[in-house]
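Quick notes on the structure that follows.
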Amino acid sequence: MTNEEVRQEIINFEIEAGDFSSGGEASSKLKSILRKLGIPSQLIRKTAITTYELEINIIIHTFGGRISAEVSPKEIKVIASDQGPGIEDVDKAFQPGYSTANEKAREMGFGAGMGLCNIKRYSDNLEVRTKIGEGTTIEAYIYLDQSGDNIE
Amino acid sequence: MIILNKNHSVLLVDQKCEGCTSCVKNCPTKAIRVHNGKAMIKDDYCIDCGECIRSCEHHAKSVLTENIDVINNYKYSIALLPPSFYGQFSKRINPEQISYALKGVGFFQVWDAALGAEVLNKATRAYLNREDEVLISSSCPVIVRLVQLLYPELIKHLSPFKAPVEIVAQAARYKIKKEYSVDDSDIGVFFITPCPAKRTAIENPLGLKESNIDGAIGVDVIYHQVITRLDNLEDLRRISLDREIPYNGIRWARSSGESELLDREDTLSVDGIHNVIEILEELDRGNLANIKYLELVACQPGCVGGVLNVKNPFMAKFNIELLLEKNKEIEGRNHNLCDYNIELDYFFKKKKIKPLDEDLLCAMKKLTKLEEVSKELPGLDCAACGAPDCRTLAEDIVGGLADKSNCVFILRKQIGDLADEMSRLTHTLPPVMQRKNRE
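Protein chains in written order, with this note's numbering: chain R, 3 to 154; chain B, 286 to 724.
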C-alpha cells in the first residue's frame, strides 16, 4: 500500500432526526482531531462548515443517519448517509434559498435553503447519490493539496 | 512561590497547592497538569484567563503584580484605573475621592482607562458603518489569546485597535512629557489591574511592539491603601477634580457596556470564558446570522468579575449601576476624543498548536494509538492522573508525557493482574515437590 492509499476513519457519529441539540457535535469533534493531525486551519474550517451543514441536514430533512469522516494524505472525506426519504430534485435542492424545511426548523433559524449551497461552496468535490424511499449519501471532499484551482 | 511561566502572570504558592486538580478541570484550554503533586501550566496553551485562580480553594494560585513601592522609582507616577475599579466602592465614595486617595498613596496623576473605551467606541462605530464583516471586540486580552489559539480562522474578525488601557497610557505619557518637559524615563504608568491577563498584556503586548505601561498593580494590593486613606478624610464631599470622569466609558466595567454605547441592534454581548467558547464555535460554523459586533469578555459579569477584584462581582456591578445612575447627566458629555492613537503596530497573529506529529502519516499513526489508549481508559474523567480528562491523558501518553499507569484504574487492574499471577505462582509447586504432594 502506498502512502497515498493510507486512509483512516477519524469520526463516526449516529445522528437522530430532529435532534437539534446535538447538532455540531460531529463537526466540533472532527475539528479538534484535524488540529491534532496538523491540518492547516483554513482547511479545517472548510471541513468543519461542510460537516456541520451535513449534520444539520440529517437532523432537519431525514429519518436519521450517520456522519463519518476519513483522512488520507490526499484529502479529507466527509460521508453523510441517511435512511430517507431521499431528495426529489437534486438540482433544485442545490439552488440557493430553496428549502423544504418545516416550521420548527425555520423557527430555530435553520432551513434558509443555504445548507447544500454551503456544502458545495466549502468542499472541493461533492458526490450525491439519492433514491426516493431509500435515502441519500453525500460524500464531500476537501483536498489537502490546495495548489490546484480548488482554493476558495 | 514559583513563577509558573515567564510568559504569563499566574504564580503558584507551592506550599499551598494540594495537587487537587480543581484548576486542571476548570482550565478552558486544558493547559494545566498536576505533576509531582503540584499544578503546572503549559505555556503554549495558557491564555491568562484566571479560571485556575478562581477555582483554587487553597488559594495556591495568585498573580504576579508589582509591589506598591515601585511607584517611588519614578518622578511622575500615574495610576491608570480600569472602569471596574469604581465597582469596588459603595455609593458613599465617589470617583473624586478615590483619585484623592490614590494621590495620597503617591501617584502624581490618576487617569481613566474608560477614556480609551470612549475613544474606541467612536472608532468602532465608524468601522462598523464602513465594513461588512463581523467584528469581535479585542479589548479583553483573554479573548484575543483564545482566538489566536483555538480559532485561528476567526482572527481576521478581531477588532484591529489597541486596548483602551494602551490608548490612555500613551496619551497620558505624551501629555505629561509635553506639559512638564520631562524625560520618558521619569514617567511611570501603572495599571491597577483586575486580572492576570491585563498584566500579561503589558509584558507580552498584543499587536504592539512595546506597551506604554510600566507595570501592573493588583486591585487587591491597592484597595487597602485607598480605603484607609478614605477613612481618614475629614470631609469627603469637598474634593474637586483636575479631570472629568468619563462615565460613558465606565459602562465597560460590566458586560454589555460596549454594546450599550454602540447603540446598534446587531450587537451581542457574551461573558464567561466557557460561554465565549460556545459562541465562537457558532461563529466558526458560520451560524451567527444578523450579528455584526461580538462583545466578548472572559469574566462574569464583565471586568468587575476579574479575579484580583475584592468585591463580589455582582455587588461590584451593582455599584457601577448606581454610579452611572447618579451621574447620568454628566454621562452624555463629550470629551475631546481626538488626538488618541488607536492603531496597532501589527495585526494579531495566529498561534500554531503543536500537532501529534509534523508529518501527517506519523500523526495519523499516533492518532490510531491515541484512540486505542483512549478506549482502554475508564472514561470517568476523574483527573486523578493529573490530566483534565481521559482523552487528554491518552494524548499525553501518546506524546510521551505520561504513562498509562498514571491512571489509578489501570494501575489497580495491573496490580490485580499481578496479584492473580502471584497467587497462581504460589500454588504452582516445583516439579520435585509435585510428586510428593500426589503421594
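All C-beta atoms in this analysis are idealised placements derived from N, C-alpha and C, irrespective of residue type, glycine included. A quick note: this is a predicted structure, and the numbers were derived from the prediction, not measured.
To the nearest angstrom, report how far apart Gln510 of chain B and Leu387 of chain B are at their CA atoms.
-> Mapped onto the second sequence, residue 510 of chain B falls at position 225. Mapped onto the second sequence, residue 387 of chain B falls at position 102. Those two C-alpha atoms are separated by around 8 Å.
Return the residue from the list R:Pro87, R:Leu32, R:Gln44 that minimises the CA-CA distance to Val80 of chain R.
-> Residue 80 of chain R sits at position 78 when you count from the first residue of the first sequence. When only C-alpha atoms are compared, the closest one is R:Leu32.
Which of the three DSSP states, helix, strand or coil, is assigned to Arg318 of chain B?
-> Taking the second sequence and counting its residues from 1, one reaches residue 318 of chain B at position 33. Arg318 of chain B: strand per DSSP, three-state reduction.
Could you check the C-alpha separation between Asn357 of chain B and Thr350 of chain B for me, to the nearest Å?
-> For this step, residue 357 of chain B is matched to residue 72 along the second sequence. For this step, residue 350 of chain B is matched to residue 65 along the second sequence. Roughly 16 Å between the two C-alpha positions.
Tell me, please, which residues DSSP counts as bridged to Val80 of chain R.
-> For this step, residue 80 of chain R is matched to residue 78 along the first sequence. Partner(s): R:Ala71, R:Ala142.
What do you get for Ile153 of chain R, buried or exposed, if any count of 16 or more other CB atoms within 10 angstroms of its CB means buried?
-> Here the question's residue 153 of chain R lines up with position 151 in the first sequence. Per-residue confidence for Ile153 of chain R stands at a pLDDT of 44, beneath the threshold of 50, marking its modelled position as unreliable; no derived number is given.
Per DSSP, cross-strand counterpart(s) of Asp556 of chain B | Within the second sequence, the letter at position 271 stands for residue 556 of chain B. In the DSSP output, where bridge partners are listed per residue, Asp556 of chain B has B:Val582.
Closer than 9 Å, CB to CB, is Gly40 of chain R near chain B or not?
-> Along the first sequence, read from residue 1 onward, the residue named residue 40 of chain R stands at position 38. It does; some Cβ of chain B falls within 9 Å.
Just how far apart, CA to CA, sit Asp21 of chain R and Leu491 of chain B?
-> As a position in the first sequence, residue 21 of chain R is number 19, starting the count at 1. As a position in the second sequence, residue 491 of chain B is number 206, starting the count at 1. If I take the Cα positions, the gap works out to 41 Å.
With a 10 Å radius around its C-beta and 16 neighbouring C-beta atoms as the bar for buried, classify Asp624 of chain B as buried or exposed.
-> Position 339 of the second sequence, counting from 1, holds the residue named residue 624 of chain B. With fewer than 16 Cβ atoms within 10 Å of its Cβ, Asp624 of chain B is classed as exposed.
Please classify Phe446 of chain B: does DSSP put it in a helix, a strand, or coil?
-> For the purposes of this step, residue 446 of chain B is identified with residue 161 of the second sequence, where counting begins at 1. Reduced to three states, the DSSP call for Phe446 of chain B is strand.
Decide if Thr552 of chain B is buried, meaning its Cβ has at least 16 other Cβ atoms within 10 Å, or exposed.
-> As a first step, residue 552 of chain B must be located in the second sequence, where it is residue number 267. Classification for Thr552 of chain B: buried.
At least one CB of chain R closer than 9 Å to the CB of Ala316 of chain B: is that the case?
-> Along the second sequence, one-based indexing puts residue 316 of chain B at 31. Not one chain R Cβ lies under 9 Å of Ala316 of chain B.
For the beta strand (DSSP E) that contains Phe15 of chain R, what are its first and last residues?
-> Against the first sequence, residue 15 of chain R aligns to sequence position 13. 10-17 is the span of the beta strand (DSSP E), which, as asked, contains Phe15 of chain R.
Excluding the five sequence neighbours on either side, which residues of its own chain have a C-beta within less than 7 Å of the C-beta of Val404 of chain B, listed in chain order?
-> For the purposes of this step, residue 404 of chain B is taken as the residue at position 119 of the second sequence. So the list reads Ile452, Leu622, Tyr625, Ile627, once near-sequence residues are dropped.
Select from the stretch 70-94 of chain R all residues with a C-beta closer than 9 Å to any C-beta belonging to chain B, and list them in chain order.
-> Val73, Ser74, Pro75
Based on the DSSP output, what are the partners of Gln394 of chain B in its beta bridges?
-> One-based indexing of the second sequence puts residue 394 of chain B at position 109. Paired residues: B:Ile363.
Extent of the continuous beta strand (DSSP E) to which Phe235 of chain B belongs = With chain B covering 286 to 724 only, the question about residue 235 of chain B has no answer from this structure.
Under 9 Å between C-beta atoms of Ile134 of chain R and Thr52 of chain R | One-based indexing of the first sequence puts residue 134 of chain R at position 132. One-based indexing of the first sequence puts residue 52 of chain R at position 50. Taking 9 Å as the Cβ cut-off, Ile134 of chain R and Thr52 of chain R do not qualify as a contacting pair.
Mind checking the stretch 570-585 of chain B against chain R and listing, in chain order, the residues whose C-beta falls within less than 8 Å of any C-beta there?
-> Arg570, Gly571, Asn572, Ala574
How about Arg108 of chain R: is its C-beta nearer than 9 Å to some C-beta of chain B?
-> Translated into positions along the first sequence, residue 108 of chain R becomes position 106. Arg108 of chain R does not count as touching chain B.
Ile638 of chain B touches chain R at which residues, Cβ-Cβ below 8 Å?
-> To locate residue 638 of chain B, count along the second sequence from 1; it is residue 353. The answer, in chain order, is Arg37.
Taking Glu610 of chain B as the reference, give the member of B:Glu416, B:Ala364, B:Asn379 with the closest Cα.
-> Indexing the second sequence from 1 puts residue 610 of chain B at position 325. Measuring from the Cα of Glu610 of chain B, the nearest candidate turns out to be B:Asn379.
Just tell me which of B:Asp505, B:Asp397, B:Ile502, B:Asn406 has its CA closest to the CA of Ala457 of chain B.
-> For the purposes of this step, residue 457 of chain B is identified with residue 172 of the second sequence, where counting begins at 1. Looking at the Cα atoms, B:Asp397 is the closest of the given residues.
Residue of B:Lys613, B:Ala538, B:Val295 minimising C-alpha distance to Ile338 of chain B = Sequence index remark: in the second sequence, residue 338 of chain B carries index 53 (1-based). Checking every option, the nearest Cα to that of Ile338 of chain B belongs to B:Val295.
Just reading off the alpha helix (DSSP H) that Arg339 of chain B is part of, what are its end residues?
-> Within the second sequence, numbered from 1, the residue matching residue 339 of chain B stands at position 54. Run containing Arg339 of chain B: 336-340, per the alpha helix (DSSP H) assignment.
Find the residues of chain B that neighbour Gly26 of chain R, judging by a C-beta separation of less than 9 Å, and give them in chain order.
-> To locate residue 26 of chain R, count along the first sequence from 1; it is residue 24. Chain B residues near Gly26 of chain R: Glu566, Glu567, Arg570, Asn572.
Should Leu435 of chain B and Ile326 of chain B be called a contact, given that it needs their Cβ atoms to be closer than 9 Å?
-> Against the second sequence, residue 435 of chain B aligns to sequence position 150. Against the second sequence, residue 326 of chain B aligns to sequence position 41. Against a cut-off of 9 Å, the Cβ pair of Ile326 of chain B and Leu435 of chain B comes out as no contact.
Taking only beta-carbon atoms, is Gln44 of chain R less than 9 Å away from chain B?
-> One-based indexing of the first sequence puts residue 44 of chain R at position 42. It does; some Cβ of chain B falls within 9 Å.
Could you pull the start and end residues of the beta strand (DSSP E) that Asn127 of chain R belongs to?
-> Against the first sequence, residue 127 of chain R aligns to sequence position 125. Its beta strand (DSSP E) spans residues 127-133.
Below-9 Å beta-carbon distance, Asn152 of chain R vs any chain B residue = Taking the first sequence and counting its residues from 1, the one referred to as residue 152 of chain R is at position 150. Any answer about Asn152 of chain R is weak, because its pLDDT of 45 lies below 50 and its placement is not dependable; what the coordinates show is given next. Not one chain B Cβ lies under 9 Å of Asn152 of chain R.
Out of curiosity, what's the CA-to-CA distance linking Leu413 of chain B and Asn14 of chain R?
-> Here residue 413 of chain B refers to the residue found at position 128 of the second sequence. Here residue 14 of chain R refers to the residue found at position 12 of the first sequence. If I take the Cα positions, the gap works out to 41 Å.
Reduced DSSP category for Ser347 of chain B - H, G, I as helix; E, B as strand; rest coil | Position 62 of the second sequence holds residue 347 of chain B. In this structure, Ser347 of chain B counts as strand in the three-state DSSP scheme.
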